[in-house]
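Reading through the structure tokens given below for one structure.
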Amino acid sequence: MASCLAESSLFEKNEDSEGVNRFMDVSLIEKAAKRAGISLTSDLVQKTACFIDVLLEANQSVNLTAITEPTDIATRHLQDSWIPARFIAEGAAVIDVGTGAGFPGIPLRIARPDLNMTLLDASAKRVHFLERVIQKIFAEELLSLQENMMKQGDLDDIDFSVAASSHLSTCSQISAETSHPSFISSPIPRVIHGRAEELGRDPDHREKYDVAIARAVTALPVLAEYCLPFVQLGGLFIAMKGLDDETEEAERAIHLLGGVVEEVYRYKLPEIEASFSLVIVRKKTATSLRYPRRMAAIKRRPL
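With the numbering used here, the residue at position 63 of the sequence shown is 63, and numbering never jumps.
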């Protein structure tokens, strides 16, 4: 993991048990995982530390996060990202809609290697950052994927740096054992540069995921229209919200989109007075082909 080191001295670094200088003491990661009910091996702790290294290094030139203090990162980013894991079934295909700097998708995927994770964002700069993260912390998995693709003859000459995105474009058939496209079942997270209201109409992604999750300040009716079209019948939409879970004003929208609020899970984070909510929505019926609408219509006339 030494390759994850950032060279800048703008952030104070700590030396971990392996003698590697890091921006963040790994004990903070271990404590955050324990509080979230997550069990991390030493390798997964190192992967998480590597992710934070790359994030803080990149944040010096690209605005990815305003949260840069190690204690705050551990609680507001890592622990918060791990809380939803308890609601996600083993081996689930998950899409993180509007992932930003990779929260909650990257920490979730690190802690839960069984998950098939897709990260969706509309910003090219953030997508480039996420691709770099995957190259750094999933290097072994990426190399294995590259070798398998070469054996199968999918690509004659694979560029290591773009193997993940090439995998997306070359593997689009539906697996005989699952309703997921084969590119969704992958040993590494996938990064997609695109808009939710457009990808939600793509047959390769529409109603193909077990879980759509989003951590955003966007109003819940709008968030539901972005996310529920991705969820297959019986699957979950998980909205990460604040104290106001917004379920009352979103009830009509969720119903129109084929969902029903199954649970509102409330929790607190250490040293933060505010409470947080996970709105757990179960997909009961197929989403009408009218949705999602164009972004202008969604903003002008929320459901």
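Quick reminder that beta carbons are idealized off the backbone N, C-alpha and C, glycines included.
Asked: C-beta atoms of residue 30 and residue 40 nearer than 8 Å; Found: yes
Asked: Residue span of the alpha helix (DSSP H) that contains residue 52, given as start and end; Found: 42 to 58
Asked: Distance CB(residue 78)-CB(residue 32) smaller than 8 Å; Found: yes
Asked: Cβ neighbours of residue 176 in the same chain (closer than 6 Å, five flanking residues each side left out); Found: Only weak support is given to the placement of residue 176: the predicted model assigns it a pLDDT of 30, under 50, and the question is left unresolved by the model.
Asked: Bridge partner(s) assigned by DSSP for residue 193; Found: 121
Asked: Buried or exposed (CB count within 10 angstroms, at least 16 for buried), residue 285; Found: exposed
Asked: 8 Å Cβ cutoff met for residue 353 and residue 108; Found: As shown, the chain starts at 1 and ends at 303. That puts residue 353 outside it, with no answer to give.
Asked: Under the three-state DSSP convention, the category residue 144 falls into; Found: helix
Asked: Residues that residue 116 bridges to, as DSSP identifies them; Found: 93
Asked: Cβ-based burial, residue 168 [other Cβ within 10 Å; buried from 16]; Found: With a pLDDT of only 38 at residue 168, under the threshold of 50, the placement of this residue in the model should not be trusted; the figure read from the coordinates follows. Per the 10 Å Cβ criterion, buried.
Asked: Beta-carbon proximity list for residue 83, same chain, < 7 Å, skipping 5 on both sides; Found: 36, 267 and 278
Asked: Of the residues 264, 237, 226 and 234, the one placed nearest residue 243, counting alpha carbons only; Found: 264
Asked: Residue burial classification, residue 292 (beta-carbon count within 10 angstroms, cutoff 16); Found: buried
Asked: Residue 46, buried or exposed, once every other Cβ within 10 Å from all chains shown has been counted against 16; Found: buried
Asked: Cβ pair residue 133, residue 105 closer than 8 Å; Found: no
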